[in-house]
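Residue numbers (our numbering): 9 to 679.
Every residue, glycine too, gets a C-beta built ideally from N, C-alpha and C.
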RNA sequence: GCCUCCGUAGCUCAACUGGAUAGAGCACUGGUCUUCGGAACCAGGGGUUAGGGGUUCGAAUCCCUUCGGGGGUACCA
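Okay, here's the thing in structure tokens:
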């Protein structure tokens with residue numbers, strides 16, 4: 009049931025005599041901006057009238073004259089500059105309610121489309137512990153997969169794991185020098201994470217030490233520049249000869265140097281932190297001394313792995329499964345699964361071929377010893393092979409694209425990746441066609457950064473990123489406090505076992521984190537606030553889950569009284585529009601919300617915007633709350649009222665559950 | 001320097017991609033009800049959509065400009 013589409017079809021017919029573009033104009037149907045105007049509005053008359061050279065009101069009148077929507081709406085009205093307002097009629101609402109009741113998909117269409125969508129998402133580096141930054145790609149990608157699949161697309165998901173890069177050189181180095189095979193064998197995952205952290209800290213220490221003098225010199229230099237700029241600006245300010253424009257320019261130059269100095273200083277600070285973190289710890293300091301040159305050696309270990317060195321390859325093969333176990337544990341907890349997990353290593357032996365092919369097509373340029381592709385419109389080239397012969401991210405991406413075309417033959421590929429890689433994708437997409445890859449719609453589904461409460465990227469005090477697993481545990485613990493509050497639990501009938509409580513906390517905690525991510529506009533940054541996420545009020549998963557639980561509670565009671573299971577089936581038996589009546593305003597609002605389900609799915613699917621689905625579910629839950637407050641469901645003498653209200657409860661429950669499921673969020677029957 | 005994104009209520013965020021009087025949630029003030037699950041529901045105050053100019057029937061949204069902030073920018077991914 010896609011009401012704007014139903015209406016658009018009618019409008020297209022009505023506008024046919026006026027324009028060749030009737031179909032396009034007919035798409036201009038939107039939900040009403042204000043309930044007082046009705047349920048939907050058509051905005052076509054304004055621009056069409058303009059195009060026809062007549063007044064929009066007159067055009068609107070002509071359209072309404074020719075429009076046949078008697079089976080859907082009350083007679084349309086014209087308002088303001090030419091809005092056509094539409095209000096769904098009772099008969100239509102009743103009929104639609106019954107239709108939803110009788111349909112497994114609550115009347116959401118399933119287009120037998122030829123869309124074959126490949127979604128590339130999550131893609132963490134396996135050797136490093138996962139952190140907050142990985143949430144967005146994972147959760148958004150998973151949601152899009154569920155959503156597009158439900159709408160009828162043939163979806164393939166692929167986790168392009170970072171399993172072949174420098175991080176593995178780090179792990180190998182760590183294992184060779186600090187690893188205790190017995191400890192690693194006994195409990196590999198934390199042991200490897202520990203080895204990674206230790207080795208990485210030594211590398212950062214070494215790099216920080218070598219960078220510090222350079223930075224300090226730069227600071228001095230910039231400071232001198234600042235004095236100079238300041239003097240110039242002051243002089244300009246005093247000089248009556250100078251124009252305002254010149255003065256402004258001088259001021260601006262000063263400000264620019266100032267901000268540069270500021271960023272150099274913060275760089276110095278974080279560099280010094282890395283140094284002192286090692287120097288203040290005797291054990292670490294002595295390790296750092298013993299392992300001088302670790303940064304270089306790690307690259308050598310990585311290069312050896314890539315060259316097929318038997319020792320490193322064996323280590324890689326032995327350690328990789330443990331790294332995968334680690335991330336799989338988190339994926340299981342998040343209920344995120346992939347059709348394919350083809351990591352970077354999978355494409356390793358194809359990279360040389362990519363460079364050769366680009367060479368053959370005459371697209372490459374050698375610059376400073378590196379193999380580059382200069383993409384029109386960009387200053388910096390796409391480097392596909394380093395001076396030392398190593399391949400890069402871009403090379404792997406191209407090889408992956410070729411492979412995907414051969415094997416999956418998708419009509420579109422979605423890359424669910426951080427906005428900061430926007431430029432990379434622009435270049436990468438621009439190279440597809442010269443490489444002979446056409447007819448695949450390539451989309452960078454970009455997203456913003458997750459920030460801490462201070463508005464900066466989330467870090468712990470020591471400067472490392474916060475681990476994802478700890479975050480999940482934290483959310484679950486907070487969810488437990490909120491949902492399993494002793495006073496609350498005491499009212500439960502039947503009582504809630506400890507096991508049930510912790511199961512609820514897990515569902516609510518995980519749901520809260522996912523929903524917080526999905527409910528924010530995708531491309532903007534958002535602040536991470538666990539307390540707000542698990543709150544039972546506001547636009548949160550908890551509120552929606554709670555609303556669902558309330559529907560189930562009423563249905564349980566209803567089935568007890570009726571002595572039979574209240575299900576779609578029992579209501580279906582007597583489903584007939586004449587047995588329904590939508591009288592109360594709260595019943596009507598809820599019904600209209602339920603009918604908008606498909607609309608919200610289509611919008612979210614079309615723009616890859618899960619937040620629009622979240623908004624819908626929240627609005628629906630709110631409409632249900634009002635209904636629940638004002639309309640008694642049980643103990644109605646009038647069978648028509650009873651049937652209508654029970655159906656509304658049932659459908660609300662179905663839609664909230666289904667909607668959350670498409671977001672990848674679970675529900676519980678009571679909470 | 002160049003490119004790019006952003007600036008909306010005290011705070012956190014929306015605004016269906018140009019539509020009517022810019023909406024929610026926190027917080028604040030007041031109210032409802034002997035709870036079909038009260039951590040509920042209702043009402044109220046709070047806005048020059050950073051500033052200025054332009055485009056048009058109509059702008060938070062598009063263009064120009066000023067101010068402020070983030071990100072990217074040749075061998076990391």
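Which residues in the same chain have their Cβ closer than 6 angstroms to the Cβ of residue i, if we skip the five residues on either side of it in sequence?
i	result
residue 80	100
residue 68	53, 86, 90 and 92
residue 516	487, 491 and 550
residue 428	none
residue 757	Absent from the structure is residue 757, since the part of the chain shown begins at 9 and ends at 679.
residue 359	399, 403 and 407
Can you round the beta-carbon distance between residue i and residue j to whole angstroms, since I take them to be within the 8 angstroms contact cut?
i	j	result
residue 303	residue 214	5 angstroms
residue 421	residue 128	7 angstroms
residue 225	residue 283	Not quite, the Cβ-Cβ distance comes to about 17 angstroms (not below 8 angstroms), so this is no contact.
residue 518	residue 459	Going by Cβ atoms, the distance from residue 518 to residue 459 rounds to 21 angstroms, so no, they are not a contact pair.
residue 530	residue 433	Not confirmed; about 15 angstroms, so no contact.
residue 344	residue 661	The Cβ separation is near 25 angstroms, so there is no contact.
residue 638	residue 566	Contact doesn't hold; Cβ gap of about 18 angstroms is too wide.
residue 123	residue 419	6 angstroms
Can residue i and residue j be called in contact, C-beta distance under 9 angstroms?
i	j	result
residue 476	residue 139	yes
residue 681	residue 18	Past the edges of the chain, shown from 9 to 679, lies residue 681, and the structure says nothing about it.
residue 306	residue 177	yes
residue 84	residue 50	yes
residue 276	residue 227	yes
residue 642	residue 650	yes
residue 285	residue 209	yes
residue 605	residue 512	no
residue 569	residue 636	no
residue 436	residue 473	no
residue 321	residue 168	no
residue 616	residue 143	no
Do you know how far the Cα of residue j is from the Cα of residue i?
i	j	result
residue 262	residue 236	9 angstroms
residue 608	residue 126	22 angstroms
residue 589	residue 563	20 angstroms
residue 666	residue 43	26 angstroms
residue 393	residue 186	32 angstroms
residue 510	residue 22	58 angstroms
residue 106	residue 342	35 angstroms
residue 46	residue 410	51 angstroms
residue 439	residue 614	25 angstroms
residue 348	residue 403	20 angstroms
residue 258	residue 246	12 angstroms
residue 230	residue 368	46 angstroms
residue 414	residue 546	47 angstroms
residue 346	residue 640	44 angstroms
residue 152	residue 618	7 angstroms
residue 205	residue 136	8 angstroms
residue 624	residue 556	14 angstroms
residue 3	residue 75	The first residue shown for the chain is 9 and the last is 679, placing residue 3 beyond what the model contains.
residue 171	residue 340	19 angstroms
residue 116	residue 610	10 angstroms
What are the boundary residues of the alpha helix (DSSP H) that includes residue i?
i	result
residue 71	64-74
residue 649	647-671
residue 21	11-23
residue 306	302-315
residue 408	401-416
Specify, as a first and last residue, the run of the beta strand (DSSP E) that residue i falls within.
i	result
residue 48	48-50
residue 375	372-375
residue 127	124-128
residue 495	It is not in any beta strand (DSSP E) - residue 495 instead sits in the alpha helix (DSSP H) that spans 494-498.
Please return the same chain residues whose Cβ sits closer than 8 angstroms to the Cβ of residue i, not counting the five positions on each side in sequence.
i	result
residue 57	63, 64, 65, 66, 67, 68 and 90
residue 193	none
residue 400	391, 392, 393 and 394
residue 534	456, 458, 459, 524, 525 and 528
residue 365	443
Might you give, ordered along the chain, the residues of its own chain that have their beta carbon closer than 7 angstroms to the beta carbon of residue i, omitting 5 neighbours on each side?
i	result
residue 514	484
residue 146	129, 130, 342 and 344
residue 375	389
residue 538	482, 483 and 486
residue 219	279
residue 199	191 and 192
With a threshold of 8 angstroms, establish whether the CB of residue i neighbours any heavy atom of the ligand FAD.
i	result
residue 94	The ligand FAD is not part of this structure, which contains no ligands at all.
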